[in-house]
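Using numbering that gives the first Met the number 0, you'd call the opening residue of the sequence shown number 0 and step up by one each time.
Every residue, glycine too, gets a C-beta built ideally from N, C-alpha and C.
Following: one structure in C-alpha cells, then a few remarks.
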Amino acid sequence: MVAGRMFHTGAPVVLWFDPGGYDAYRVERRFVPLDQASWAESSSVLRSPNRYSTRRVGMSPEDQERTRHGNWTLDDVRTHVDQFVIHYDVCGVSRRCFRVLHDLRGLSVHFMLDIDGTIYQTLDVQERAWHAGTANDRSVGIEIANMGAYRDPDDRTLRQWYARDEQGTRITIPGSLGDGGVRTQGFVGRPSRPEPVSGEIHGTTLHQYDLTDEQYDSLIKLTAALHLALPGIELDYPRESDGSLATRELTQEEYDDFRGLIGHYHVTRGKIDPGPAFDWDRVVEGARKIVSDRAREGARYVRGGR
Numbered sequence: 000m001v002a003g004r005m006f007h008t009g010a011p012v013v014l015w016f017d018p019g020g021y022d023a024y025r026v027e028r029r030f031v032p033l034d035q036a037s038w039a040e041s042s043s044v045l046r047s048p049n050r051y052s053t054r055r056v057g058m059s060p061e062d063q064e065r066t067r068h069g070n071w072t073l074d075d076v077r078t079h080v081d082q083f084v085i086h087y088d089v090c091g092v093s094r095r096c097f098r099v100l101h102d103l104r105g106l107s108v109h110f111m112l113d114i115d116g117t118i119y120q121t122l123d124v125q126e127r128a129w130h131a132g133t134a135n136d137r138s139v140g141i142e143i144a145n146m147g148a149y150r151d152p153d154d155r156t157l158r159q160w161y162a163r164d165e166q167g168t169r170i171t172i173p174g175s176l177g178d179g180g181v182r183t184q185g186f187v188g189r190p191s192r193p194e195p196v197s198g199e200i201h202g203t204t205l206h207q208y209d210l211t212d213e214q215y216d217s218l219i220k221l222t223a224a225l226h227l228a229l230p231g232i233e234l235d236y237p238r239e240s241d242g243s244l245a246t247r248e249l250t251q252e253e254y255d256d257f258r259g260l261i262g263h264y265h266v267t268r269g270k271i272d273p274g275p276a277f278d279w280d281r282v283v284e285g286a287r288k289i290v291s292d293r294a295r296e297g298a299r300y301v302r303g304g305r
C-alpha cells in the first residue's frame, strides 16, 4: 500500500490490519502481557510512543503541514522516495524481528520478509519508518529474515540455525521460538545455495547462508511493484566504476546521487547487511524482467493483441 492505494505484487502480502499482521502504528507493545503493553508501562524502556514519523526533507512548509495530517498523494510519495534499503534482521523469522523492532527498540520498517516468502507490510509506504538513519526520509525499508553474516564460517549462530539433512541444508528454528510464527504451516526453509557464501563487506571477509528461494521470489515481485508504483526507485544497485557491486559505504556525493536498491552497509559504515550472500543481480534482473513483461503485455492490449 502506497498513500492508501493498493498495488498488486503477485507475492503473499499480509498488511498491518490483516489477521496475523504486524502493526507499527500501534503504540502498545505487542509481545508483553496486556497490563504491561501501554505507553505508560513502556516509557521506561522506549524513547517515544511512536515508531515512525512524517517524511519532511525537501518539502515546502505548506506540504509539510498538509502531509503531517496524513494527506499524502501518490505523487507526493513519488517525489520524495527513490531508495529501497535492504536489511537482514539477525532474528531468523519475522515475528521475532517485529518483537525486537517494536517492543524492544522502538523502531520500524515498512516491510518484513519471512523465510517462507510471506511479506508483512507494517506501515503505509508514505510513512517515514525508522530503519536506516539518514536514509529514512527518502527510502522504503525491508527486513529480510536471515541470521546474518559472520567472520567465522563456523560461528555458533550459524550452527544453531542451519543443519544438514538428506536434501541439503535446512533452517532450524530454535525450539524456544516454537514454529517462529511462520505463516506456512510445516514450512522447511532451505538456503538457495546449500553452503555458506563468503565475500567482503568494508574490506572484511564474511560468511553467510543465502536467502530461501521463496524469499527471492517474493522480493523480486515486491521490488518490481515498488518500481512501478514509485519509478524513482530504479532497478539497480550501487556499483564501482567497472560495474561491479560496491561493497562499501558510499561517499556522501555517491549517496546523494543514488536512486534504486541499496544495502544498509552502503548507507552506514557500521552495518554489513544484507551481507555477502545477497544476490543483487538475481533480484534486480528478476524485477526488470517482470517490469519488461508487463510493459509488453500492456502494449499488446493497446494494439488489440488480446
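Simplified DSSP state of residue i, which is helix, strand or coil
| i | result |
| --- | --- |
| A294 | helix |
| H109 | coil |
| L260 | strand |
| T267 | coil |
| S217 | helix |
| R287 | helix |
| R4 | strand |
| E126 | strand |
| G19 | coil |
| G274 | coil |
| A223 | helix |
| G9 | coil |
| Y24 | coil |
| V282 | helix |
| A131 | coil |
| T344 | No answer is possible for residue 344: it lies beyond the span of the chain, which begins at 0 and ends at 305. |
| D102 | helix |
| G174 | helix |
| D153 | coil |
| D136 | helix |
Cβ-Cβ distance between residue i and residue j below 8 Å
| i | j | result |
| --- | --- | --- |
| H101 | R50 | yes |
| D216 | G140 | no |
| A148 | L205 | yes |
| I232 | R258 | yes |
| I200 | Y264 | yes |
| R189 | G167 | yes |
| G202 | R95 | no |
| T121 | D22 | yes |
| R98 | F30 | yes |
| W38 | V56 | no |
| I170 | I118 | no |
| G372 | L45 | The requested residue 372 is not part of the displayed model; the chain covers only 0 to 305. |
| D164 | R192 | no |
| I261 | P237 | yes |
| Q207 | G274 | yes |
| S107 | A134 | no |
Anticipated Cβ contact below 8 Å, residue i with residue j, distance rounded
| i | j | result |
| --- | --- | --- |
| V124 | V76 | 6 Å |
| T53 | T66 | 6 Å |
| V196 | A276 | 4 Å |
| V13 | G20 | 5 Å |
| L218 | V266 | That belief does not hold up - the Cβ atoms of L218 and V266 are roughly 18 Å apart, past 8 Å. |
| V181 | V92 | 6 Å |
| V89 | M146 | 6 Å |
| R287 | L234 | 5 Å |
| L112 | Q214 | 6 Å |
Beta-bridge partners of residue i, as assigned by DSSP
| i | result |
| --- | --- |
| T168 | R163 |
| P190 | T211 |
| T204 | E199 |
| L244 | R238 |
| Q120 | L14, F110 |
| I141 | I85, F110 |
| Y254 | The partner list for Y254 (beta bridge, DSSP) is empty, contrary to what the question assumes. |
| A148 | Q207 |
Contact test: residue i Cβ vs the ligand FAD heavy atom, cutoff 7 Å
| i | result |
| --- | --- |
| P11 | By its list of ligands, the structure shown contains no ligand whatsoever, and the ligand FAD lies outside what it can speak to. |
Residue-chain proximity (residue i, chain B), Cβ-Cβ < 8 Å
| i | result |
| --- | --- |
| H109 | Of the chains in the structure shown, none is chain B; there is only one protein chain. |
Whole beta strand (DSSP E) runs in the stretch 30-100 with 3 or more residues, listed along the chain? 51-53, 82-87
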